[in-house]
Amino acid sequence: MDLAIALALQIVYGIANLVLISLGLAIIFGMMRVINLAHGEFLMLGGYTVVISTNHGVNIWFAMLVLAPLVVGLIGVLVERLLIQYLYGRMVDTLLATWGLSLLFVGLVTTIFGAQTETTISPPLGAISIGDYSSSAYELFLIGVTVALLLLVWAVMKWTRLGLVARATMQSDDMASALGVSTRNVYMITFGLGAAISGLAGGLLAPVTGVLPSIGATYIAKAFITVISGGASILAGTSAASILLGGINGIMSFLTGPTLGEVALLAAAIVLIRLMPTGITGRFFRKSL
Amino acid sequence: MAFDRRTFIKGTSVAGLTLMAPGIIGRAKADDKIRLASILDQSGGLDIYGKPMANATQMAVDEINAAGGLNGQQIELINYDPQSNIQFYTQYATKAATGDKAHVVHAGITSASREAIRPTLGRFQSLYFYNTQYEGGVCDRNCFCTGSTPAQTVEKLVPYAMNKFGKKVYIIAADYNYGQITAQWVKKYVTDNGGEVADTEFFPLDVTNFGPTIKKIQAAKPDMVWSALVGGAHISFYRQYAAAGMNKSVPIASTTFGVGNEHKLISAEEGDGILAAYTYFQEVPGDNNAAFVKRFQEKFGADAPYLNELATRSYEGIQLWAEAVKKAGTADRMPVIEALESGISLAGPSGDISLDPKTHHGVLNVYLAELKDQTFNIVETHNAQPPSDTLLVCDLQANPDQATFYFENGLEAAGIK
């Protein structure tokens, strides 16, 4: 029984983890149809913001929850202004440009901070025990943050003027701009928000993962698979795909080991895309956000 | 002459033309020089290993040149960066052997990269040095492996850790040839010492969520966890393990934790108590090592990386080769191989080491250490350890004409129980 609870918690955390690493990418892809291959590097930059600022004595919570999204969000706005805005509607060119951007970020961080940066942070909040088993309280906190983040994005999209304008631009940018919306600004803000959420995710994961310049590469594939499997709806798609893929990965990893866990995740994604080429939300929950 | 992007930028921006000029003059009479090619990943995921190795390589060559070179000849270092990509390894190895006509190639970090280039260098008869710790079993007249093997490190650490922690061991390892074969060695030594292996799990190199495995470890209730995890993503394991409070109850021993300077990338709280075994730690006592560490830090500044086994083996690998070139009186391949096989030795930073003529592997000093506050404290020293794993299968003196990797298909295939 203890094992069942501990394992269930672990699987929920696996799902939350997928949502966290994919949400920023989903926003940028879902809203703007821009495939951001530098997404992994946005996560890495969030992690670096936390490591570097805590090394300089900044409080870890402030670094994770405020600095990481702020810094990476600003970088996102900068990237959109200097690069992405010239490439809207040119999918292949954007792919190439953002891939180059990811190499640039890895190179820049390596040049400035070296191939490795010493760190002093460890996961805050200690461990909790469930009978014979113990879990990290920080993982519970991450699950909570992920749920809060989903609700926040949903509320912004649903109830604020910014959300309304963003949804309108997403549906038809010509019409939105004919009605007086500055789609240019909407795109810039959306890209910045997507980057900020990626930065937040990278910052939150910094205490439980290794932070290295090249670490982005380990996230990018999974984030992509989740977003593509999810389909066009940002929140419903990312959540549904994360639950499906994260669940399969967690159960298989426990039953057979991590190698087959990864295989099962990829196999499930392939089958899913074959059956539903437009992703889960191409068929179900089509009207959702 | 090959410039990779980074050396090019460094060369031009820092030193400008003043540094370039001797390079150009040097190339004009390149025939007077001994050419040493180095192929190490200095960018991409493996740069945490490759950069310190490349630094140490540079330092070894600079020091030999400053001391007047070898037999009156200067060494020209030809530096390649394969960018953590196996494809570039074969390409650069071919270039080093045929284009540069290098007298010696010091190359390779992962076992996969070594096996990609070893046949190429053998075919072109380019003397090859592999300076990384690995799973053992290479038996090749053309190849010298100066890194430690499991019989040197794992064999010593297993009984020490089992005495300290208990006999039930849970093994976790990276999912490629090094991790797979090392896990078999760990299992063998655990069983030989009367212990039992609770379970063995392998992880693809990009796994960052170790939650399900940590739950399995809790369910299996082992006395200790043995880690042969490799690379940046796997650092997550040590952090998540500590976050679940496990580092307090089930300690970790490893012969891979530390070569990527993992102990600096996790906090003291998370790492305290981890046991490791290598043939070199920066903390090794002795004047030789103190001077070596000082020179390294002076050369590469305050940000110089922690010196680990990989960097020091790269340095000592070049020094061993240099000793042989001096002894042979030439840098030509066969005389140097014969000199290397004559039981050549060196008083290096890691202590007195030598080369075993039967296997072309190092006879090395092994240090066991415990991590405390991001620093390794040496707890046991075993001097002059032979590569007894490779010695089980390899005798290049009886049968020099071979280029075999005996452990390619695991230990059982090599007849080791």
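Keeping their order, the protein sequence lines are chains A and B.
Residues 2 to 290 in our numbering are what the first sequence spells out, letter by letter.
Residues 1111 to 1527 in our numbering are what the second sequence spells out, letter by letter.
Don't be surprised by glycine CBs; every beta carbon is placed ideally from N, CA and C.
Within-7 Å CB hit, residue i to chain B
i	result
residue 18 of chain A	yes
residue 89 of chain A	no
residue 188 of chain A	no
residue 119 of chain A	yes
residue 205 of chain A	no
residue 172 of chain A	no
residue 139 of chain A	yes
Pick from the options that is closest to residue i, judged by C-alpha positions
i	options	result
residue 1158 of chain B	B:1409, B:1415, B:1223, B:1312	B:1415
residue 200 of chain A	A:84, A:236, A:75	A:75
residue 1480 of chain B	B:1458, B:1501, B:1368, B:1496	B:1368
residue 69 of chain A	A:209, A:197, A:217	A:197
residue 1209 of chain B	B:1219, B:1234, B:1335	B:1234
residue 1181 of chain B	B:1438, B:1265, B:1491, B:1206	B:1438
residue 1483 of chain B	B:1491, B:1384, B:1240	B:1384
residue 1267 of chain B	B:1344, B:1223, B:1254, B:1366	B:1366
residue 1432 of chain B	B:1411, B:1419, B:1458, B:1243	B:1458
residue 111 of chain A	B:1247, B:1160, B:1261, B:1427	B:1160
residue 1244 of chain B	B:1305, B:1255, B:1510	B:1255
residue 106 of chain A	A:38, A:67, A:56, A:58	A:38
residue 45 of chain A	A:255, A:218, A:243, A:162	A:218
residue 283 of chain A	A:259, A:256, A:230	A:230
residue 1374 of chain B	A:116, A:250, A:131, A:162	A:116
residue 1358 of chain B	A:128, A:32, A:99, A:91	A:128
Residue(s) in a DSSP beta bridge with residue i
i	result
residue 1493 of chain B	Answer is none; residue 1493 of chain B lacks a bridge partner.
residue 1189 of chain B	B:1148
residue 1280 of chain B	B:1309, B:1335
residue 1240 of chain B	B:1255
residue 1458 of chain B	B:1461
residue 1183 of chain B	B:1180
residue 114 of chain A	Partner(s): none; residue 114 of chain A has no beta bridge.
residue 1482 of chain B	B:1485
residue 1249 of chain B	B:1514
residue 1142 of chain B	Looking at the DSSP assignment, residue 1142 of chain B forms no beta bridge with any residue, so it has no partner.
Exposure of residue i, with buried meaning 16 or more beta-carbon neighbours within 10 Å
i	result
residue 1212 of chain B	buried
residue 1138 of chain B	With a pLDDT of only 39 at residue 1138 of chain B, under 50, the local geometry of the prediction cannot be trusted, and the value read off the model is given with reservation. So residue 1138 of chain B ends up on the exposed side.
residue 1258 of chain B	buried
residue 1397 of chain B	exposed
residue 307 of chain A	There is no way to answer for residue 307 of chain A, as the model of chain A reaches only from 2 to 290.
residue 62 of chain A	exposed
residue 123 of chain A	buried
residue 34 of chain A	exposed
residue 1297 of chain B	buried
residue 1328 of chain B	buried
residue 227 of chain A	buried
residue 1336 of chain B	buried
residue 40 of chain A	buried
residue 1423 of chain B	buried
residue 157 of chain A	exposed
residue 1466 of chain B	buried
residue 272 of chain A	exposed
residue 93 of chain A	exposed
residue 1260 of chain B	buried
residue 1148 of chain B	buried
residue 187 of chain A	buried
residue 20 of chain A	buried
residue 1349 of chain B	buried
Cutoff 7 Å: residue i Cβ touching any chain A Cβ
i	result
residue 1316 of chain B	yes
residue 1417 of chain B	no
residue 1371 of chain B	yes
residue 1443 of chain B	no
residue 1342 of chain B	yes
residue 1455 of chain B	no
residue 1409 of chain B	no
residue 1404 of chain B	no
residue 1138 of chain B	Any reading at residue 1138 of chain B is ruled out, since the residue's pLDDT is 39, under 50, leaving its predicted position unreliable.
- Message: What are the residues in the stretch 1230-1256 of chain B lying within 7 Å of chain A by C-beta distance?
- Response: Taking 7 Å as the Cβ-Cβ cut-off, the stretch 1230-1256 of chain B has no residue approaching chain A.
- Within 9 Å of chain A by C-beta, residues of the stretch 1265-1279 of chain B in sequence order: Of all residues in the stretch 1265-1279 of chain B, none places a beta-carbon less than 9 Å from a beta-carbon of chain A.
- Of all the residues that make up the stretch 24-45 of chain A, which are near chain B by a beta-carbon distance shorter than 9 Å? For the stretch 24-45 of chain A, the set of residues with a beta-carbon nearer than 9 Å to any beta-carbon of chain B is empty.
- At a Cβ cut of 7 Å, what residues of the stretch 77-110 of chain A count as close to chain B, listed as they run along the chain? For the stretch 77-110 of chain A, no residue has a beta-carbon sitting nearer than 7 Å to a beta-carbon of chain B.
- Chain-ordered residues of the stretch 207-219 of chain A with a beta carbon less than 9 Å from chain B: Residues of the stretch 207-219 of chain A whose Cβ lies closer than 9 Å to any Cβ of chain B, in chain order: 208, 209, 210, 211, 212, 213, 214, 215, 216, 218, 219.
- Item | Interface residues of the stretch 1482-1495 of chain B facing chain A [CB-CB below 8 Å] | Answer in chain order: 1484.
- Message: Against chain B, which members of the stretch 190-203 of chain A pass a CB distance test of less than 9 Å?
- Response: Taking a C-beta cut-off of 9 Å against chain B, none of the residues of the stretch 190-203 of chain A qualify.
- Which residues, taken in chain order from the stretch 1318-1335 of chain B, show a beta carbon closer than 7 Å to some beta carbon of chain A? Taking 7 Å as the cut-off between beta carbons, the residues of the stretch 1318-1335 of chain B near chain A are 1318, 1319, 1321, 1322, 1323, 1325, 1326, 1328, 1329, in sequence order.
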